[in-house]
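Residue numbers (our numbering): -8 to 720.
Just so it is clear, CB atoms sit at the ideal spot from N, CA and C, and this is done for glycine as well.
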Amino acid sequence: MLSKGLSGVLAARAAALLPGRACLGLLGAGRRGVSTSWSPVGAAFNVKPQGSRLDLFGERRGLFGVPELSAPEGFRVAQENALRKTDQLVARACSTPPGPQTVRIFDELSDALCRVADLVSGESLHPAPLVFSPLQQADFVKIAHPEPAFREAAEEACRSIGTVVEKLNTNVELYQSLQRLLADEKLMDSLDAETRRVAELFMFDFEISGIHLDKEERRRAVDLNVRILDLSSTFLMGANLPTKIEKHLLPEHIHQNFVLAGDHIVVDGLHAEAPDDLVREAAYKIFLYPNASQLRCLEELLSSRDRLARLVGYPTYSHRALRGTIAQTPETVMEFLEKLSDKLSERTAKDFEMMRGMKMKLNPQNSELMPWDPPYYSGVLRAERYNIEPSIYCPFFSLGACMDGLSVLFHSLFGISLFAEPPAKGEVWCEDVRKLAVVHDTEGLLGHIYCDFFQRAGKPHQDCHFTIRGGRLKEDGDYQLPVVVLMLSLPPSSRSAPTLLTPGMMENLFHEMGHAMHSMLGRTRYQHTTGTRCPTDFAEVPSVLMEYFANDYRVVSQFARHYRTGQAMPRNMVSRLCESKKVCAAADMQLQVFYAALDQTYHGRHPLSSSTTALLQEAQERLYGLPYVPNTAWQLRFSHLVGYGAKYYSYLMSRAVASMVWKECFLQDPFDRATGERYRREMLAHGGGREPMLLVQGMLRRRPSVDDLVSALVSDLDPDFETFLLDSE
């Protein structure tokens, strides 16, 4: 937590750097039972804002400060303005001689559409595989705004922009203007490295859409792209649909564990944490029972992706999806997964044996370990070995204290601080959304983060980072500052206590702020590669790295204070929490290996050599170790096949890279400014403007091998020697 003296210094600095912008002061003084020693940013999150405050800051400015969006009708105005500018830029791009200006015009064109599309949908982590479209499955205004009129207007603008994007991605004249630049080797050699890469990325996006094909093949590629989008939407809907079963088919004593609907029971998930073995078994078998239409949808989705990949020149969809990533090829991904599986095998077997022992202890009549058991029994083992009841930890993790901790950490590493700004009327979509200015000691304002952290009716229960406006260097030399939204699902504060986070919530907050800092600290010339607009297996590295900071006592001790007493969290509590995560962690990682390998199998064969269920069974028995359950089809609930098709391995590879960066760069001193500056310079600043492996190589000062990545993950499973010392004290 910031000392009062340091809080005052930072507040004064904020006032100097942000003229006309008020920093929230120490709010909530005298509130019953709540500590009042928060810094300004801590107070902004630990105390509910007074609704009337939002009306005191001038006239209505519109969502995110965009004047047109002060009313739902403004989406049409913003859309029309963007389309007029788009027409002008297309004409310029087609008539301008090839040169660096060609890339700048393309990026301006992309930015003009992104300004509207990102406001409508948000861009969640990664750019779409089309040249001018950042549209993703994770929408923002469409799904998060509480007013139906705004959601409907956003939906309509999204459809309209999508139509324009489709036309641009099939505009041969536009494609040829870029092709003329890339065909001139001498001209390309004269460009700086970032401009060359962005030009190549635009061309790559054009070509994977099939624009280089003849007219008939191009039409087929467009049709396949449209069909894939439709199938993806259908599959996502089906993956989350609950399953109904007649009540009499289940024992009466477990009915109360499910939703009842007349003569039916509704099963809407796996109930993985339920203590009753029969409840978990029933949920698993019912929720994962094969659905014929969902099965056909998945098979057609995989087949369409395969046909599109081969049409545009790739052996498989996996080869197409992995171009430009850290892994580069499916062969590298499978080498990584197979070597990791080999290293995990003994540890995983021991984890399963511990779970079997616990199951035998609690249920001796049915002690066989089944796929529905690990989440529950691993949790029982963690609770038995380490006293990690969330209610013990939550009082130390008030939201304000955690935000204080993040601000202190970022100031230590990068020289930046977080300041709460009062939003103008109409700028935010709900009164509990907080607006943060990200301010550097010498560079000034770097960008803004809108924090939509609290649960509300109709809001999606997911933790996400959305790009609302990407950073870029404008023609006049000014830098277009990034704007992002972080969306969490935290409980609101109460009359007697601020919002209190579980350890998992605290870690998720740090994770999402890692994405936000990637966006804030990137300083790319082009918005096409700004911040998190980079390959999937690199985009998660900065966010996963923040989880390592969140699990280090030296960091946690800076902010974890009991919200009533101010008592610091004891060191052994942090150590117990960190070590508890290693209980059965090998089995958890082995499960991720199985998922990632299955994803590669589905996207690396054409046509599929056997049914998706048969491939699932083979992969599960080979790479997980627990038996396949007949008449189940888990793959039909694997929603990540849509957004992470052929890239699900990214979770493991990103964690491996983050682990290496933590151990080799930050473990000795997590607050070291020189290392933080090097991290910004080598990794965060470039977004997607450099090959991701070059960024990793620059930070680690060597190119990590597959064996290095595997070793980093496996070493994370080893007990921390320090914990044994603490436990013995």
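Exercise. Starting from I459 and walking both ways along the beta strand (DSSP E), at which residues does that stretch end?
Worked result: In the sequence shown, residue 459 corresponds to position 468, counting from 1. Residues 455 to 460.
Exercise. Who are the Cβ neighbours of I383 in its own chain at under 6 Å, not counting the five residues just before and after it?
Worked result: Locating residue 383 in the sequence shown gives position 392, where the first residue counts as 1. Correct list: empty, nothing qualifies.
For this session: Starting from L436, follow its DSSP beta bridges and name the residues at the other end.
Result: Residue numbering aside, residue 436 sits at position 445 when the sequence shown is read from its first letter. Bridge partners of L436: V430.
For this session: Could you please give the first and the last residue of the uninterrupted alpha helix (DSSP H) stretch that includes S284?
Result: The residue labelled residue 284 in the question sits at position 293 within the sequence shown. Unbroken alpha helix (DSSP H) run through S284: 283 to 302.
Problem set entry | Cβ shell of L397 (< 6 Å), same chain only, five flanking positions each side left out | Position 406 of the sequence shown holds residue 397. Taken in chain order, the residues that qualify are M504.
Problem set entry | Ordered list of beta strand (DSSP E) runs contained in the segment 453 to 524, each at least 3 residues | Qualifying beta strand (DSSP E) stretches, in chain order: 455 to 460, 474 to 481.
Exercise. Buried or exposed: L704, going by 16 or more other Cβ atoms within 10 Å of its Cβ?
Worked result: Position 713 of the sequence shown, counted from the first residue, corresponds to residue 704. L704 is buried by the Cβ-count criterion.
Problem set entry | Distance, A488 Cα to V25 Cα | Position 34 of the sequence shown, counted from the start, is the residue given in the question as residue 25. Position 497 of the sequence shown, counted from the start, is the residue given in the question as residue 488. Any answer about V25 is weak, because its pLDDT of 43 lies below 50 and its placement is not dependable; what the coordinates show is given next. So the alpha carbons of these two residues sit roughly 6 Å apart.
Exercise. Can the beta-carbon of M349 be found closer than 7 Å to that of S358?
Worked result: Locating residue 349 in the sequence shown gives position 358, counting from the first residue. Locating residue 358 in the sequence shown gives position 367, counting from the first residue. It is not a contact, given that the beta carbons lie outside the stated cut-off.
For this session: Quickly, what does DSSP pair S408 with across the bridge? List them, please.
Result: Within the sequence shown, the letter at position 417 stands for residue 408. Looking at the DSSP output, S408 sits in a beta bridge with V430.
Exercise. Bridge partners of E138, per DSSP?
Worked result: Here residue 138 corresponds to residue number 147 of the sequence shown, with the count starting at 1. DSSP lists no bridge partner for E138.
For this session: Rank T77, D395, T603 by C-alpha distance to the C-alpha of L292 and give the top, closest one.
Result: Translated into positions along the sequence shown, residue 292 becomes position 301. Of T77, D395, T603, the residue nearest in Cα terms is T603.
Exercise. So A507 packs on I440, CB below 8 Å; how close in whole Å?
Worked result: The residue labelled residue 507 in the question sits at position 516 within the sequence shown. The residue labelled residue 440 in the question sits at position 449 within the sequence shown. With a Cβ gap of about 5 Å, A507 and I440 count as contacting.
Exercise. Looking only at DSSP bridge pairs, what is S389 linked to?
Worked result: Indexing the sequence shown from 1 puts residue 389 at position 398. Answer is L491, bridged to S389.
For this session: Can you tell me which of the three DSSP states L17 falls into?
Result: Within the sequence shown, residue 17 is the residue found at index 26, counting from 1. Legend: pLDDT at L17 = 30, less than 50; position of this residue unreliable, value from coordinates given subsequently. Three-state result, L17: coil.
Exercise. Near I236, which residues of its chain fall below 6 Å by C-beta distance, leaving aside the five closest residues on each side in sequence?
Worked result: Reading the sequence shown from its first residue, position 245 is the one you call residue 236. Take I236, set aside five residues on each side of it, and the residues of its chain with a beta-carbon closer than 6 Å to its own are I256, I277, in chain order.
Problem set entry | Bridge partner(s) assigned by DSSP for F445 | Here residue 445 is taken as the residue at index 454 of the sequence shown, counted from 1. Bridge partners of F445: L481.
Exercise. Using 8 Å as the Cβ pair cut-off and three pairs as the minimum, do the segment 282 to 291 and the segment 563 to 577 touch?
Worked result: No: fewer than three Cβ pairs fall under 8 Å.
Exercise. Count the other CB atoms within 10 Å of the CB of M228; is the residue buried (16 or more) or exposed (fewer)?
Worked result: Taking the first residue of the sequence shown as position 1, residue 228 is located at position 237. By the 10 Å Cβ count, M228 comes out exposed.
Exercise. Which of the three DSSP states, helix, strand or coil, is assigned to A252?
Worked result: Your numbering for residue 252 matches position 261 in the sequence shown. Residue state, collapsed to three classes: strand.
Exercise. When DSSP labels each residue in this structure, what does K235 get in the three-state scheme?
Worked result: On the sequence shown, residue 235 is found 244 positions in, with the first residue counted as 1. Annotated three-state conformation of K235 is strand, per DSSP.
Exercise. Exposed or buried, S30, counting other C-beta atoms within 10 Å across all chains shown (16 or more means buried)?
Worked result: Residue numbering aside, residue 30 sits at position 39 when the sequence shown is read from its first letter. Result: buried.
Problem set entry | Same chain, Cβ closer than 8 Å to P710, neighbours up to 5 away in sequence not counted | Taking the sequence shown and counting its residues from 1, the one referred to as residue 710 is at position 719. Counting only Cβ-Cβ distances below 8 Å, and skipping sequence neighbours, we find E570, K573.
Exercise. For R552, which residues does DSSP report across the bridge?
Worked result: Counting from one through the sequence shown, the residue named residue 552 turns up at place 561. A559.
Problem set entry | Three-pair Cβ contact test at 8 Å for the segment 616 to 635 versus the segment 319 to 330 | no
Problem set entry | Runs of alpha helix (DSSP H) lying entirely within the segment 141 to 198, each at least 4 residues, in chain order | 163 to 174, 176 to 181
For this session: Note the first and the last residue of the continuous alpha helix (DSSP H) segment covering I277.
Result: For the purposes of this step, residue 277 is taken as the residue at position 286 of the sequence shown. First-last of the alpha helix (DSSP H) with I277: 268 to 278.
Exercise. Does the beta-carbon of E682 have 16 or more other beta-carbons within 10 angstroms, so that it is buried, or is it exposed?
Worked result: As a first step, residue 682 must be located in the sequence shown, where it is residue number 691. Under this definition E682 is a buried residue.
Problem set entry | Same chain, Cβ closer than 6 Å to L116, neighbours up to 5 away in sequence not counted | Mapped onto the sequence shown, residue 116 falls at position 125. With a pLDDT of 43 at L116, under the threshold of 50, the predicted position of this residue should be treated as unreliable, and no value is reported.
For this session: Can you check DSSP and say which residues form a bridge with V399?
Result: As a first step, residue 399 must be located in the sequence shown, where it is residue number 408. Bridge partners of V399: none, in fact.
Exercise. Which partner residues of R425 appear in the DSSP bridge assignment?
Worked result: Translated into the one-based positions of the sequence shown, residue 425 becomes position 434. According to DSSP, R425 bridges with C442.
Problem set entry | Whole-angstrom C-beta distance between A637 and L313, which should lie under 8 Å | Here residue 313 refers to the residue found at position 322 when the sequence shown is read from its first residue. Here residue 637 refers to the residue found at position 646 when the sequence shown is read from its first residue. So it is a contact: roughly 6 Å between Cβ atoms.
Problem set entry | Own chain, CB closer than 7 Å to V633, minus 5 neighbours either side, in chain order | For the purposes of this step, residue 633 is taken as the residue at position 642 of the sequence shown. Answer for V633: Q128, S223, F226, L227, listed in chain order.
For this session: Look up V258 in the DSSP assignment and give the residues it is bridged to.
Result: Here residue 258 is taken as the residue at index 267 of the sequence shown, counted from 1. DSSP output for V258 lists T234 as bridge partner(s).
For this session: Could you check the C-alpha separation between A432 and L404 for me, to the nearest Å?
Result: Counted from its first residue, the sequence shown places residue 432 at position 441. Counted from its first residue, the sequence shown places residue 404 at position 413. The identity of residue 432 in the sequence shown is Asp, whereas the question assumes Ala. So the two alpha carbons sit approximately 12 Å from each other.
Problem set entry | Pairwise C-alpha distance: Y368 and Q583 | For the purposes of this step, residue 583 is taken as the residue at position 592 of the sequence shown. For the purposes of this step, residue 368 is taken as the residue at position 377 of the sequence shown. Per the coordinates, the alpha-carbon of Q583 lies some 18 Å from the alpha-carbon of Y368.
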